[in-house]
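Sequence lines, in order, name chains P and F. Start counting the first sequence at 1; every next residue gets the next number (my numbering). Start counting the second sequence at 109; every next residue gets the next number (my numbering). Structure record follows, encoded as structure tokens.
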Amino acid sequence: MNLTDQERLHKCVVNDKLEDVVFSQPDKNCESYFESVDVQPVLSVYNLENINDIRNMMNGILAGDGFNETRSECMRITLENIILYEQNSKIETKGSKRIDVPEFIYNF
Amino acid sequence: MIVLGISGLYHDSAAALLEDGEIFAAAQEERFTRVKNDASFPCNAVRYCLNEKKMRLGDVDAVVYYDNPALTLERFIKNAVYCREDAGDLLKFQCDSVFQQRLMVHKILRNEFGRIGKEDKLIVSGHHKSHAASAFYASPYDEAAILTVDGVGEWNTTTIGYGSGKTIEIKKYLDYPHSLGMLYSAFTYFCGFKVNSGEYKLMGLAPYGKPIYYDAIMKYLIDVKKDGSFRLNLDYFDFQYGRTMVSDKFGALFAMERRLPESEITRGYMDLAASIQKVTEEIMERLASTACKLCGTGNLVLAGGTALNCVANGRILEKGIADNLWIQPAAGDAGGAIGAAYIGYYEYLGGKCRPVGKQYNTYLGPTYQDGEIGAFLKRNGYPATRMKTDRAERIAQMLAEGKVVGLFQGRMEMGPRALGNRSILASATDEAMQSKLNLKIKHRESFRPFAPSVLLEDAKKYFELKTESPYMLLCAPVNKELRTDFDIEGALRQNNEDMNKIVNIKRSSIPAVTHVDFSARVQTVTREMNEKYYDILKAYKRLCGESLVCNTSFNVRGEPIVCTPEDAYACFMKTDMDVLVLENYLLLKEDQPVWDNVKDGGRVYELD
Numbered sequence: 001m002n003l004t005d006q007e008r009l010h011k012c013v014v015n016d017k018l019e020d021v022v023f024s025q026p027d028k029n030c031e032s033y034f035e036s037v038d039v040q041p042v043l044s045v046y047n048l049e050n051i052n053d054i055r056n057m058m059n060g061i062l063a064g065d066g067f068n069e070t071r072s073e074c075m076r077i078t079l080e081n082i083i084l085y086e087q088n089s090k091i092e093t094k095g096s097k098r099i100d101v102p103e104f105i106y107n108f
Numbered sequence: 109m110i111v112l113g114i115s116g117l118y119h120d121s122a123a124a125l126l127e128d129g130e131i132f133a134a135a136q137e138e139r140f141t142r143v144k145n146d147a148s149f150p151c152n153a154v155r156y157c158l159n160e161k162k163m164r165l166g167d168v169d170a171v172v173y174y175d176n177p178a179l180t181l182e183r184f185i186k187n188a189v190y191c192r193e194d195a196g197d198l199l200k201f202q203c204d205s206v207f208q209q210r211l212m213v214h215k216i217l218r219n220e221f222g223r224i225g226k227e228d229k230l231i232v233s234g235h236h237k238s239h240a241a242s243a244f245y246a247s248p249y250d251e252a253a254i255l256t257v258d259g260v261g262e263w264n265t266t267t268i269g270y271g272s273g274k275t276i277e278i279k280k281y282l283d284y285p286h287s288l289g290m291l292y293s294a295f296t297y298f299c300g301f302k303v304n305s306g307e308y309k310l311m312g313l314a315p316y317g318k319p320i321y322y323d324a325i326m327k328y329l330i331d332v333k334k335d336g337s338f339r340l341n342l343d344y345f346d347f348q349y350g351r352t353m354v355s356d357k358f359g360a361l362f363a364m365e366r367r368l369p370e371s372e373i374t375r376g377y378m379d380l381a382a383s384i385q386k387v388t389e390e391i392m393e394r395l396a397s398t399a400c401k402l403c404g405t406g407n408l409v410l411a412g413g414t415a416l417n418c419v420a421n422g423r424i425l426e427k428g429i430a431d432n433l434w435i436q437p438a439a440g441d442a443g444g445a446i447g448a449a450y451i452g453y454y455e456y457l458g459g460k461c462r463p464v465g466k467q468y469n470t471y472l473g474p475t476y477q478d479g480e481i482g483a484f485l486k487r488n489g490y491p492a493t494r495m496k497t498d499r500a501e502r503i504a505q506m507l508a509e510g511k512v513v514g515l516f517q518g519r520m521e522m523g524p525r526a527l528g529n530r531s532i533l534a535s536a537t538d539e540a541m542q543s544k545l546n547l548k549i550k551h552r553e554s555f556r557p558f559a560p561s562v563l564l565e566d567a568k569k570y571f572e573l574k575t576e577s578p579y580m581l582l583c584a585p586v587n588k589e590l591r592t593d594f595d596i597e598g599a600l601r602q603n604n605e606d607m608n609k610i611v612n613i614k615r616s617s618i619p620a621v622t623h624v625d626f627s628a629r630v631q632t633v634t635r636e637m638n639e640k641y642y643d644i645l646k647a648y649k650r651l652c653g654e655s656l657v658c659n660t661s662f663n664v665r666g667e668p669i670v671c672t673p674e675d676a677y678a679c680f681m682k683t684d685m686d687v688l689v690l691e692n693y694l695l696l697k698e699d700q701p702v703w704d705n706v707k708d709g710g711r712v713y714e715l716d
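Structural data, given as structure tokens:
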């Protein structure tokens with residue numbers, strides 16, 4: 001059966017056993033929300049060439065956080081869309097904007 | 109050593125070229141494309157910077173982009189996980205900007221310009237590190253606490269760092285979605301202004317209201333700790349879902365609907381503006397205090413879009429939270445290009461220690477010589493006279509006669525403020541000038557005040573200003589002896605809350621630049637910073653005894669500040685400006701041919 005992305009995501013969310021706290025809410029009991037920097041950010045060379053580079057980069061970024069189904073599904077949707085662009089070889093200096101999306105979303 | 113810094117693909121794209129530790133050229137893409145806050149890859153700005161040194165991209169020693177696309181992608185995916193069932197559409201919506209552009213920034217550069225620097229590689233810095241560098245390395249301090257606050261970079265929304273010599277160490281941070289910039293933008297949106305360009309309008313609206321919602325905001329929307337760190341209550345916001353800025357609970361909290369753009373601004377929105385402004389000032393004060401204490405210094409530098417809130421900046425200074433305060437004039441994302449260039453020079457190339465104490469020059473954009481301008485005027489048949497040694501006196505005379513003068517001279521400013529090179533000037537003492545400038549020149553909501561440019565040596569005659577303010581990023585009260593009797597509450601009651609009537613009620617002897625709370629956003633002018641502008645103000649003082657004028661940016665509403673003589677002429681002809689100065693050429697409106705906006709290549713700009 002062909003499920004939509006939304007249906008698949010819903011299934012993942014239902015199946016995920018742990019509450020995945022992605023973003024914390026306010027906590028009246030803590031004294032400070034600041035995080036300390038343990039390792040200073042460093043400059044890096046940026047040179048993604050193809051879909052495999054992107055897949056490896058994404059796997060590397062998310063590897064330390066533990067996977068659950070919802071996250072895996074989000075990765076899959078992301079990679080599918082990247083493949084579409086990869087195939088179209090579309091690189092734009094002026095990005096296209098969807099009219100059903102508020103413009104400021106593209107600013108973040 | 110030459111480094112090119114690039115920012116963009118979010119909003120306010122820009123490029124900056126640095127040579128041996130000094131920014132040599134910089135400009136925002138919007139000025140070339142004429143698209144306000146243009147987020148497109150800044151090809152034109154890059155081209156301008158390279159042309160200033162007659163170089164190709166392959167000749168520069170390093171090319172640095174101000175943001176790490178890999179970390180931004182991580183944020184998108186994690187945000188999508190947060191959105192759970194709603195993630196599918198969000199990921200697809202953001203594919204265009206993320207995958208076509210942000211992940212492909214190196215490919216865009218190669219396609220447009222060929223080899224990326226001598227080593228053919230693109231270096232990426234961190235977004236907030238770029239902001240921090242734009243503030244610290246451009247400042248006159250050898251060491252300073254650094255505070256950066258914005259909507260969001262890759263993850264960081266706020267950082268505290270310490271700069272010393274040629275190194276910057278980031279010490280503390282807050283991450284998305286907990287963002288003071290987003291909070292302010294949420295209120296900007298709710299009050300009917302445009303996100304990422306309308307925030308300063310909200311700031312201008314605040315003095316009309318009372319902060320009656322301050323407690324509600326601090327109780328329900330945001331938890332702020334003593335050190336200024338904070339978390340948003342995400343139940344009230346919607347930007348995480350990519351649909352809008354606020355959830356239904358937000359409006360329910362204030363028992364209000366979102367104001368539709370261009371609709372009437374009623375008391376409730378004035379009070380919302382006042383309330384969020386008070387919250388923002390308080391958070392910025394606490395953050396500034398924490399930064400100075402943590403770093404053990406009285407020098408503080410600011411950058412990030414929230415540092416454009418000059419009222420909050422003024423409070424930091426007024427309360428003595430920092431002994432010395434410096435704010436990057438291009439504090440928003442455009443300044444990220446400047447920061448990226450500095451980081452490339454000091455961290456990647458190991459550049460020498462920088463000169464300390466030097467005044468930062470923000471006039472970094474294109475300039476046009478008399479020959480070019482003369483040819484433009486002749487080609488189009490636009491009548492003009494060429495001024496000689498009496499230039500300053502003639503311009504001052506026009507201002508003294510009550511004329512509105514478009515001033516186009518020197519190198520274009522980098523950053524959102526016009527500082528005398530792409531400015532519209534007018535008398536600040538004329539009671540009707542604020543209304544005239546708003547309606548007939550800027551074509552904008554008239555509740556917003558204009559800003560004064562004043563000779564530094566005379567600034568204290570007019571304002572309670574403790575320090576110089578060369579970049580118009582500090583607000584200060586108008587001196588009490590210049591004020592007239594004015595009560596905003598009474599005025600609102602008597603005029604049915606009609607701000608268009610209230611704005612014309614005289615509040616001081618410099619009414620055109622005095623806001624309803626007697627504040628002004630001041631630019632102090634010195635000969636060292638801008639000799640031509642200084643001379644005009646001096647001549648004006650000799651003529652009429654006043655050392656200050658209204659200075660508003662040379663553009664109509666929705667338009668970027670003018671860049672070329674063509675832009676300036678079109679703006680001049682579309683408005684009721686009386687005089688245009690193009691370097692040494694003087695043009696009078698009554699002498700000009702009839703203007704046809706369509707035929708003459710003028711543009712119609714979307715309202716901002």
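All C-beta atoms, glycine included, are put in the ideal place defined by N, C-alpha and C. A quick note: this is a predicted structure, and the numbers were derived from the prediction, not measured.
Item                                                                                                                                                                                          : Value
Any C-beta of chain F sitting closer than 9 Å to the C-beta of R55/P?                                                                                                                         : no
Should K460/F go down as buried or exposed, given a rule of 16 or more other Cβ atoms within 10 Å for buried?                                                                                 : exposed
When the Cα atoms are used, what is the spatial distance from N29/P to L313/F?                                                                                                                : 35 Å
Would you call the stretch 613-621 of chain F and the stretch 538-555 of chain F touching, i.e. three or more CB-CB distances under 8 Å?                                                      : yes
Which chain P residues sit within Cβ distance under 7 Å of L688/F?                                                                                                                            : Simply none; closest approach about 31 Å.
Below 8 Å on C-beta distance, what does S230/F contact in chain P?                                                                                                                            : Rather than Ser, the amino acid found at residue 230/F in this sequence is Leu. Within chain P, the residues near L230/F are V45, Y46 and N47.
Between which two residues does the beta strand (DSSP E) harbouring L410/F extend?                                                                                                            : N407 to A411
Would D346/F be called buried (16 or more neighbouring beta carbons within 10 Å of its own) or exposed?                                                                                       : buried
Should the stretch 389-405 of chain F be regarded as contacting the stretch 586-604 of chain F, the criterion being three or more beta carbon pairs within less than 8 Å?                     : no
Using a Cβ-Cβ cutoff of less than 7 Å, which residues in the same chain neighbour L368/F once the five nearest sequence positions on both sides are dropped?                                  : G300
Just tell me which of D146/F, L416/F and L158/F has its CA closest to the CA of Y579/F.                                                                                                       : L416/F
Based on Cα-Cα distance, which residue from G406/F, V664/F and Y476/F lies nearest to D250/F?                                                                                                 : G406/F
Our contact map puts I77/P next to L199/F with C-beta atoms below 8 Å; I'd like the distance itself, whole angstroms only.                                                                    : 5 Å
Ignore the nearest five residues each way along the sequence and tell me which others in Y349/F's own chain have a CB closer than 6 Å to its CB.                                              : C191 and D194
From the DSSP output, read off the bridge partner residues of V657/F.                                                                                                                         : S535/F and S561/F
Please list the residues of the stretch 248-265 of chain F that have a C-beta atom closer than 8 Å to any C-beta atom in chain P, keeping them in chain order.                                : G259 and V260
Distance check for D323/F and L361/F, CA to CA, integer angstroms please.                                                                                                                     : 12 Å
Name the two residues that bound the continuous beta strand (DSSP E) containing Q631/F.                                                                                                       : S627 to V633
Would you kindly work out how many angstroms separate the C-alpha atoms of M57/P and N68/P, rounded to a whole number?                                                                        : 18 Å
Using a Cβ-Cβ cut-off of 8 Å (strictly less than) and excluding sequence neighbours within five positions of R519/F, which residues of its own chain qualify?                                 : Y471, L472, G473, P474, T475 and N529
Under 9 Å between C-beta atoms, does M1/P make it to chain F?                                                                                                                                 : Note that M1/P scores 44 on pLDDT, short of 50, meaning its location in the model is unreliable; the coordinates nonetheless yield the value given after this. It does not: the Cβ of M1/P has no partner Cβ on chain F nearer than 9 Å.
Who pairs with G113/F in a beta bridge, going by DSSP?                                                                                                                                        : A124/F and V172/F
Identify every run of the beta strand (DSSP E) within the stretch 270-335 of chain F, keeping only runs that are complete inside it and at least 3 residues long; order them along the chain. : 275-283 and 330-332
Using DSSP bridges, identify the partner residues of Q136/F.                                                                                                                                  : A122/F
Please confirm if the stretch 286-301 of chain F is in contact with the stretch 560-577 of chain F, defined as three or more CB-CB distances below 8 Å between the two stretches.             : no
Count the other CB atoms within 10 Å of the CB of V45/P; is the residue buried (16 or more) or exposed (fewer)?                                                                               : exposed
Does S337/F have its Cβ less than 9 Å from a Cβ in chain P?                                                                                                                                   : yes
Assign R155/F to one of three DSSP states: helix, strand, or coil.                                                                                                                            : helix
Can you check whether the CB of A240/F is closer than 9 Å to the CB of F317/F?                                                                                                                : As written in the sequence, residue 317/F is Gly, which differs from the Phe given in the question. It is not a contact, given that the beta carbons lie outside the stated cut-off.
Would T398/F and D258/F be called neighbours here (beta carbons separated by less than 9 Å)?                                                                                                  : no
Closer than 9 Å, CB to CB, is N15/P near chain F or not?                                                                                                                                      : no
Tell me S44/P's beta-bridge partners as DSSP assigns them.                                                                                                                                    : V232/F
What are the boundary residues of the beta strand (DSSP E) that Y693/F is part of?                                                                                                            : Y693 to L696
What are the uninterrupted segments assigned as beta strand (DSSP E) that are 3 or more residues long and contained completely in the stretch 542-619 of chain F, given in chain order?       : 559-563 and 582-585
Got a sec: is the Cβ-Cβ distance from N52/P to anything in chain F below 9 Å?                                                                                                                 : no
Alpha carbon to alpha carbon, how far is L527/F from G116/F?                                                                                                                                  : 23 Å
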